[in-house]
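Chemist:
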Amino acid sequence: MTLGPVGPERHVRPDQTALEAPGSSGGFLHPPAGGVGWHHLVQAREARPSGDQACLPRGGALGELAWGAGCGSAQVLESRGPGDMAAPRDAEIRKDVQTYYGQVLKKSADLQTSACVTAARLVPKHIREALTNIHEEVALRYYGCGLVIPECLENCWILDLGSGSGRDCYVLSQLVGETGHVTGIDMTESQVEVAKKYIEYHMEKYGFQTPNVTFLHGYIENLEETGIKNESYDIVISNGVINLVPDKEPVLQEAYRVLKHGGELYFSDVYASLELPEEIRTHRILWGECLGGALYWKNLAILAQKIGFCTPRLVTANLITVQNKELERMIGDCRFVSATFRLFKLPKTGPAKRCQVIYNGGITGHEKELIFDANFTFKEGEIVEVDEEMAAILKNSRFTQNFLIRPIGEKLPASSGCSALGSKGVITDPFKLAGESNNANPGCSSDVAGGCCL
Numbered sequence: 001m002t003l004g005p006v007g008p009e010r011h012v013r014p015d016q017t018a019l020e021a022p023g024s025s026g027g028f029l030h031p032p033a034g035g036v037g038w039h040h041l042v043q044a045r046e047a048r049p050s051g052d053q054a055c056l057p058r059g060g061a062l063g064e065l066a067w068g069a070g071c072g073s074a075q076v077l078e079s080r081g082p083g084d085m086a087a088p089r090d091a092e093i094r095k096d097v098q099t100y101y102g103q104v105l106k107k108s109a110d111l112q113t114s115a116c117v118t119a120a121r122l123v124p125k126h127i128r129e130a131l132t133n134i135h136e137e138v139a140l141r142y143y144g145c146g147l148v149i150p151e152c153l154e155n156c157w158i159l160d161l162g163s164g165s166g167r168d169c170y171v172l173s174q175l176v177g178e179t180g181h182v183t184g185i186d187m188t189e190s191q192v193e194v195a196k197k198y199i200e201y202h203m204e205k206y207g208f209q210t211p212n213v214t215f216l217h218g219y220i221e222n223l224e225e226t227g228i229k230n231e232s233y234d235i236v237i238s239n240g241v242i243n244l245v246p247d248k249e250p251v252l253q254e255a256y257r258v259l260k261h262g263g264e265l266y267f268s269d270v271y272a273s274l275e276l277p278e279e280i281r282t283h284r285i286l287w288g289e290c291l292g293g294a295l296y297w298k299n300l301a302i303l304a305q306k307i308g309f310c311t312p313r314l315v316t317a318n319l320i321t322v323q324n325k326e327l328e329r330m331i332g333d334c335r336f337v338s339a340t341f342r343l344f345k346l347p348k349t350g351p352a353k354r355c356q357v358i359y360n361g362g363i364t365g366h367e368k369e370l371i372f373d374a375n376f377t378f379k380e381g382e383i384v385e386v387d388e389e390m391a392a393i394l395k396n397s398r399f400t401q402n403f404l405i406r407p408i409g410e411k412l413p414a415s416s417g418c419s420a421l422g423s424k425g426v427i428t429d430p431f432k433l434a435g436e437s438n439n440a441n442p443g444c445s446s447d448v449a450g451g452c453c454l
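Heads up: the sequence shown begins at 1 in full-length UniProt numbering, then just goes up one per residue.
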């Protein structure tokens, strides 16, 4: 297991041959007789792309796959909205997935992942240390790659969409502390039961007198069914899950509903360079490979504005490369990227002003420097000029205690330096950022399952 850098590209291997299953333009819906190919289906559960790392699963002939070896959570295969083209026969798919994750898959070693390519971003020391406290079964029943964990978590209430066996939740429960709280929600009941089984173990490990973690069985597009109340969380996280939900809007709407004012949706997902044609959007194997359900990246900002979020802030972006010739032919000119965005729910206040800010330091793991997104890096004691929306985010979110904020024109305390947004321009296109990252960090690959994965 490598806890270090995690990577900018992910690959569909050239030995993944048949694109379409016999007798169907959309691939197999069920595994072949005798369970052959079931080991590929596991990839559909949290072989997740993250802002720091992404990997598509290693596979044999794609005709052996149930829906294609994929990434994200089994949660995402649940969609009950009208007019759903991308997830036919939902009830049957849901039953197969729940049976698989409840009865077939037993450990993460059952996974066979593709090469992961490393990048320059390291997992902070305090997160690496937190991972060492996770119970073995919880870690083994986690089938994914990477972590999606934002900064400044002490005392926060966090909701994890598609939490699986609870590994990320238990990491987060350490980071928020005993006065914070973490809730995980997943559609696979047996995974939820694994997570619940070790609550007492982890609380004793952390020295907490009262449990600060809860696990729920439910669906991410309808959190209200599980009793999650309005404005009850500081942060909602998601790792490679929303991409596979055919209708993204209800998921984002629910995240917005449960967030407090000043709260954040911090999530990683797969995005397309253009509007996907119907033959891609309705192809089961491409859907399972995290490509068929990818949102056109420009539409994220449209959805965010419609729901009420502020402009999506791009954090990281990693190109997805496809080496399978048949798959390349199918997707044509479309490109894909795994990107992490942060969306804030800001209170309805008066017009904001451009500001100068100074980072006071003190955020665990980021004491001297906070890389907030692709456009803003805050060094301790340095004056940084920010736009109106960023100023509002820093003022109204959990980050406010770590910054001095003054409208431009008002005097700030003396600092060690000064920088401004205008000196480098704003990056909003994940493909542009991914291209720059690739040029700067060509990376290296690993063929070992979990070699670059957390």
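Glycine included, each C-beta is placed from N, C-alpha and C at the ideal position. Because the structure is a prediction, the values reported are computed rather than measured.
Tell me whether residue 323 sits in a helix, a strand or coil according to DSSP, three-state version.
Modeler: Correct three-state label for residue 323: coil.
Chemist: Based on DSSP bridge pairs, tell me the residues matched to residue 456.
Modeler: Residue 456 lies beyond the range of the chain shown here (1 to 454); nothing can be said about it.
Chemist: Taking C-alpha atoms, which residue in 206, 279 and 273 lies nearest to residue 336?
Modeler: Closest by alpha carbon: 273.
Chemist: In this structure, how does DSSP classify residue 222 when only helix, strand and coil are distinguished?
Modeler: Here residue 222 sits in coil by DSSP.
Chemist: Using 8 Å for Cβ pairs, my map puts residue 170 next to residue 127. What's the rounded Cβ distance?
Modeler: No, residue 170 and residue 127 are not in contact; Cβ-Cβ is about 12 Å, not under 8 Å.
Chemist: With DSSP as the reference, label residue 79 as helix, strand or coil.
Modeler: Low local confidence applies: a pLDDT of 37 at residue 79 is under 50, so the model's placement there is unreliable, with the coordinate-based value given in what follows. In the structure shown, residue 79 sits in coil (DSSP, three-state: anything other than H, G, I, E or B).
Chemist: Could you work out which residue in 152, 318, 158 and 356 is closest to residue 401 when comparing CA atoms only?
Modeler: The shortest Cα separation from residue 401 among 152, 318, 158 and 356 belongs to 152.
Chemist: Can the beta-carbon of residue 230 be found closer than 9 Å to that of residue 180?
Modeler: No; because the gap between Cβ atoms is not below 9 Å, this pair is not in contact.
Chemist: Of the choices 264, 339, 311 and 427, whose alpha-carbon is the least far from that of residue 458?
Modeler: Nothing can be reported for residue 458: it is not among the residues displayed for the chain, which extend from 1 to 454.
Chemist: Relative to the alpha-carbon of residue 342, which residue among 432, 354, 407 and 239 has its alpha-carbon at the smallest distance?
Modeler: When each option's Cα is compared against that of residue 342, the closest is 239.
Chemist: If we count Cβ pairs, one from each stretch, closer than 8 Å, do we get three or more for the segment 292-308 versus the segment 267-283?
Modeler: At 8 Å Cβ cutoff, the stretches touch.
Chemist: Counting pairs of Cβ atoms below 8 Å between the segment 282-291 and the segment 253-263, do you hit three or more?
Modeler: Contact between the segment 282-291 and the segment 253-263 is absent, because fewer than three Cβ pairs lie under 8 Å.
Chemist: Which whole-angstrom value describes the C-beta separation of residue 167 and residue 198, a residue pair presumed to lie in contact below a C-beta threshold of 8 Å?
Modeler: Actually they are not in contact, since the Cβ atoms of residue 167 and residue 198 sit about 10 Å apart, beyond 8 Å.
Chemist: Which word fits residue 129, buried or exposed, when buried means at least 16 other C-beta atoms lie within 10 angstroms of its C-beta?
Modeler: Classification for residue 129: exposed.
Chemist: For a quick check, are the C-beta atoms of residue 191 and residue 165 less than 9 Å apart?
Modeler: Yes, the pair counts as a contact, with Cβ atoms nearer than the cut-off.
Chemist: Is it buried or exposed for residue 332, if we count other Cβ within 10 angstroms and need 16 for buried?
Modeler: Exposed, since its Cβ has fewer than 16 Cβ neighbours within 10 Å.
Chemist: Roughly how many whole angstroms lie between the Cα atoms of residue 203 and residue 183?
Modeler: About 15 Å.
Chemist: Residue 278 lies in the beta strand (DSSP E); which residues open and close that run?
Modeler: Unbroken run through residue 278 is the alpha helix (DSSP H), 278-281; no beta strand (DSSP E).
Chemist: Mapping the DSSP letters down to three states, classify residue 298 as helix, strand or coil.
Modeler: Helix at residue 298.
Chemist: Relative to the C-alpha of residue 283, which candidate in 246, 365 and 318 has its C-alpha closest?
Modeler: Looking at the Cα atoms, 246 is the closest of the given residues.
Chemist: DSSP on residue 387, reduced to helix/strand/coil?
Modeler: Reduced to three states, the DSSP call for residue 387 is coil.
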